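**Student:**
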Amino acid sequence: MSLKLYNSLSSKKEVFKSISDKKVKTYGCGPTVYNYPHLGNFRTFVFYDLLNRVLQLNGFETETAVNITDIDDKIIDRVNQENASLKEITSKYELSFLELSKSLKILPNNHNPRATEYVEEMIEFIKALINQDLAYEINGNIFFDTEAYPKYGKFVNISDDLKTEDNELSKKNRNDFTLWKAKKDSDGDIFWNSDWGKGRPGWHTECAVMIKTLFDGRLDIHCGGIDLKFPHHENESAQIEAIQKHNLSNYWLHAEHLNINDEKMSKSLGNFIDVSTLIQKNGSDVVRLFLLSAHYRTKVSFSQKKLDECKKMVEKIKRFAKNFNIDSKNIELKFSSEHKLFIDALNDDLNTPGAIGVFFSFISEINKKIAENSISDVDKEKSLVFLKLFNSIFDILDFNNLHDQNIPSELQDLLVSRQEARENLDWKLSDSIREKIETLGWQVEDTSSGQNLSKKK
Ligand code: AMP
Ligand code: ZN
Numbered sequence: 000m001s002l003k004l005y006n007s008l009s010s011k012k013e014v015f016k017s018i019s020d021k022k023v024k025t026y027g028c029g030p031t032v033y034n035y036p037h038l039g040n041f042r043t044f045v046f047y048d049l050l051n052r053v054l055q056l057n058g059f060e061t062e063t064a065v066n067i068t069d070i071d072d073k074i075i076d077r078v079n080q081e082n083a084s085l086k087e088i089t090s091k092y093e094l095s096f097l098e099l100s101k102s103l104k105i106l107p108n109n110h111n112p113r114a115t116e117y118v119e120e121m122i123e124f125i126k127a128l129i130n131q132d133l134a135y136e137i138n139g140n141i142f143f144d145t146e147a148y149p150k151y152g153k154f155v156n157i158s159d160d161l162k163t164e165d166n167e168l169s170k171k172n173r174n175d176f177t178l179w180k181a182k183k184d185s186d187g188d189i190f191w192n193s194d195w196g197k198g199r200p201g202w203h204t205e206c207a208v209m210i211k212t213l214f215d216g217r218l219d220i221h222c223g224g225i226d227l228k229f230p231h232h233e234n235e236s237a238q239i240e241a242i243q244k245h246n247l248s249n250y251w252l253h254a255e256h257l258n259i260n261d262e263k264m265s266k267s268l269g270n271f272i273d274v275s276t277l278i279q280k281n282g283s284d285v286v287r288l289f290l291l292s293a294h295y296r297t298k299v300s301f302s303q304k305k306l307d308e309c310k311k312m313v314e315k316i317k318r319f320a321k322n323f324n325i326d327s328k329n330i331e332l333k334f335s336s337e338h339k340l341f342i343d344a345l346n347d348d349l350n351t352p353g354a355i356g357v358f359f360s361f362i363s364e365i366n367k368k369i370a371e372n373s374i375s376d377v378d379k380e381k382s383l384v385f386l387k388l389f390n391s392i393f394d395i396l397d398f399n400n401l402h403d404q405n406i407p408s409e410l411q412d413l414l415v416s417r418q419e420a421r422e423n424l425d426w427k428l429s430d431s432i433r434e435k436i437e438t439l440g441w442q443v444e445d446t447s448s449g450q451n452l453s454k455k456k
């Protein structure tokens, strides 16, 4: 099945066609670095990683970018509260974003542009919009004139009662938005000089200009959380498309929210879950699987119960993987029908729950054969390929460390005793030794190749 993606432009699943034959250009709106990124943010960032991995699975090379929004009202508030410099605040939270991304196995992006490093380009861009009568000035603020751009409203019906920004200022039209904000006293020394006086760019212009500069204003796929569809993405694309002849992006993908107690998890509501604590408690593999276990277009509520379920799933996958000698093999990825079902699910608008379901059915089938001692070489080969394939997307297994566990001598003795008990058909003793092993924080599973010991999570 060819890759299909739900395009917010048409509100339909569409077969993905890339602009160029091989390289696909994607962009995801990144974090506003005034606080540690929370689990909700990472739902969207992990979704962007998933998209890029699935594109690669389909043979595309990807050029990716997630920007760093390092100039914004909320950042300036923080600078003032903490009496710190802009750079002190933004570099701290940018670093946290990058480190957490790494822990959650998000592939590094080709670009992580910082808005503050593109201000010159933003000023030039705004000048071009003013020269074409697409923007106007009021008291040192520059607004985009939505009336001058008849195509405004690709994501919404603009006759509806829309949420607007900056409506306290005397703009010409309700939906006109800020390209440049005049300096306020509270901005302190955070400003740039422009033809319209001191000030700084607006958020929508930041993303638009970074895309224009890095990708020549042309993307295959633009991503972000659903809250960004309007007005952020509407406004990003309006500015660019008003002055260029082609689309900013052919596909727009939006991830649904991660909620907590039926509310969107957000920094401003203060109901967020700290990602590093969650990783420390549960493991990054469990957190990553949790974020991937629901389809990206469904709302998900955070719960420890769901994390615990994911923990069991991760353990099951690891136990399964230990049956095979993965490191010693340079596995050729030859796909059979089971693997194709998994790929089909992912190609159906990144249906991760479907793909996980296919993988688990396969595990159950092979585990049954292992228990019956009837696993064939073909089954073994298929299992190795499936593990590699699964991990190329979900990335929760560390193949180098699967077998690398130091087993204390006390446990080794218990394993020997249990083996003897089993050979003597003394199931009662064998079970009581199993219990003893569990109280020591380990678990034992019987496989065709003998007892399999692993640490309890
Ligand atoms: P921010 O740092 O607030 O600019 O957000 C960075 C990214 O995280 C954006 O794409 C947001 O849409 C996304 N995001 C924010 N909150 C959530 C949430 N609760 N669930 C999913 N995505 C979110
Ligand atoms: Zn953006």
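Note that numbering that gives the first Met the number 0 has the sequence shown beginning at 0, numbered continuously upward. Cβ coordinates follow ideal geometry from the N, Cα and C atoms, glycine included. From a predicted model like this one, the values you see are computed outputs, not experimental measurements.
Identify every run of the alpha helix (DSSP H) within the region 406-450, keeping only runs that are complete inside it and at least 4 residues long; order them along the chain.
**Tutor:** Counting whole runs of 4 or more residues, the region 406-450 contains the alpha helix (DSSP H) stretches 408-422, 426-438.
**Student:** Give the range of the alpha helix (DSSP H) segment to which Gly356 is assigned.
**Tutor:** Segment 351-370, the alpha helix (DSSP H) holding Gly356.
**Student:** So, with DSSP's three-state summary, where would you put Asp307?
**Tutor:** In the structure shown, Asp307 sits in a helix (DSSP, three-state: H, G or I).
**Student:** Counting Cβ pairs closer than 8 angstroms, one from the region 189-197 and one from the region 142-155, do we hit at least three?
**Tutor:** Taking 8 angstroms as the limit for Cβ pairs, the verdict is that the region 142-155 does not touch the region 189-197.
**Student:** CB Leu349 to CB Val53, shorter than 9 angstroms?
**Tutor:** Cβ atoms of Leu349 and Val53: closer than 9 angstroms.
**Student:** Any idea which residues DSSP pairs Tyr135 with across the strands?
**Tutor:** DSSP lists Phe142 as partners of Tyr135.
**Student:** Taking the alpha-carbon positions, what's the Trp179 to Ile88 distance?
**Tutor:** Taking the straight line from one Cα to the other gives about 22 angstroms.
**Student:** Name, in chain order, the residues that DSSP records as bridge partners for Glu62.
**Tutor:** Paired residues: Lys24.
**Student:** For Phe154 versus Lys228, is the C-beta distance shorter than 9 angstroms?
**Tutor:** A contact, by the Cβ cut-off of 9 angstroms.
**Student:** Only counting the same chain, and skipping five residues up and downstream in sequence, which positions put a Cβ closer than 8 angstroms to that of Ile67?
**Tutor:** The residues are Gly29, Pro30, Val32, Thr89, Glu93, Phe96, Asn111, Pro112, Arg113, Ala114.
**Student:** Could you pull the DSSP bridge partners for Cys222 from this structure?
**Tutor:** According to DSSP, which records beta bridges pairwise, Cys222 is partnered with Gly27, Leu252.
**Student:** What does a CB cutoff of less than 7 angstroms around Gly139 pick up in its chain, not counting 5 residues either side in sequence?
**Tutor:** These residues qualify, in order along the chain: Ala181, Trp195, Gly196, Gly198.
**Student:** Quick one: grab the DSSP three-state call for Ile67.
**Tutor:** Of the three classes helix, strand and coil, the one that applies to Ile67 here is strand, per DSSP.
**Student:** Expressed to the nearest angstrom, what Euclidean distance is found between the alpha-carbon atoms of Arg318 and Asn451?
**Tutor:** For Arg318 and Asn451, the distance between alpha carbons rounds to 8 angstroms.
**Student:** I'd like to know if Asn260 contacts chain B, where contact means its C-beta is closer than 9 angstroms to some C-beta of that chain.
**Tutor:** Among the chains in the structure shown there is no chain B, since it carries only a single protein chain.
**Student:** Nearest CA to the CA of Asn108: which residue from His253, Arg296, Thr63?
**Tutor:** That would be Thr63, whose Cα lies nearest to the Cα of Asn108.
**Student:** Can you name, in chain order, every residue of its own chain whose Cβ lies under 8 angstroms from the Cβ of Lys22, other than the five neighbours on each side?
**Tutor:** The residues are Phe59, Glu60, Thr61, Glu62.
**Student:** Classify Ile88 as helix, strand or coil using the three-state DSSP reduction.
**Tutor:** Helix.
**Student:** Would you say Ile392 and Ser102 are within 9 angstroms of each other, going by their C-beta atoms?
**Tutor:** No, they are not a contact pair.
**Student:** Within 10 angstroms of its Cβ, does Trp426 collect 16 or more other Cβ (buried), or is it exposed?
**Tutor:** That one is exposed.
**Student:** Val313 and Phe41 look like a contact to me (Cβ under 8 angstroms); what is the Cβ gap, rounded to whole Å?
**Tutor:** Not really, about 17 angstroms apart at Cβ, beyond 8 angstroms.
**Student:** Roughly how far, in whole angstroms, is the beta-carbon of Ala254 from the beta-carbon of Gly224, given that I think they are within contact range, below 8 angstroms?
**Tutor:** The Cβ separation is near 5 angstroms, so the contact holds.
**Student:** By DSSP, does Phe15 sit in helix, in strand, or in coil?
**Tutor:** Coil.
**Student:** Count the other CB atoms, across all protein chains shown, that sit within 10 Å of the CB of Gly187; report buried if there are 16 or more and exposed otherwise.
**Tutor:** So Gly187 counts as exposed.
**Student:** With distances taken Cα to Cα, identify the nearest neighbour of Asp69 among Leu428, Glu233, Leu288, His203.
**Tutor:** Answer by Cα proximity: His203.
**Student:** Buried or exposed for Gln238, please, with buried defined as at least 16 other CB atoms from any protein chain shown within 10 angstroms of its CB.
**Tutor:** Classification of Gln238: buried, given that the 10 Å Cβ count is 16 or more.
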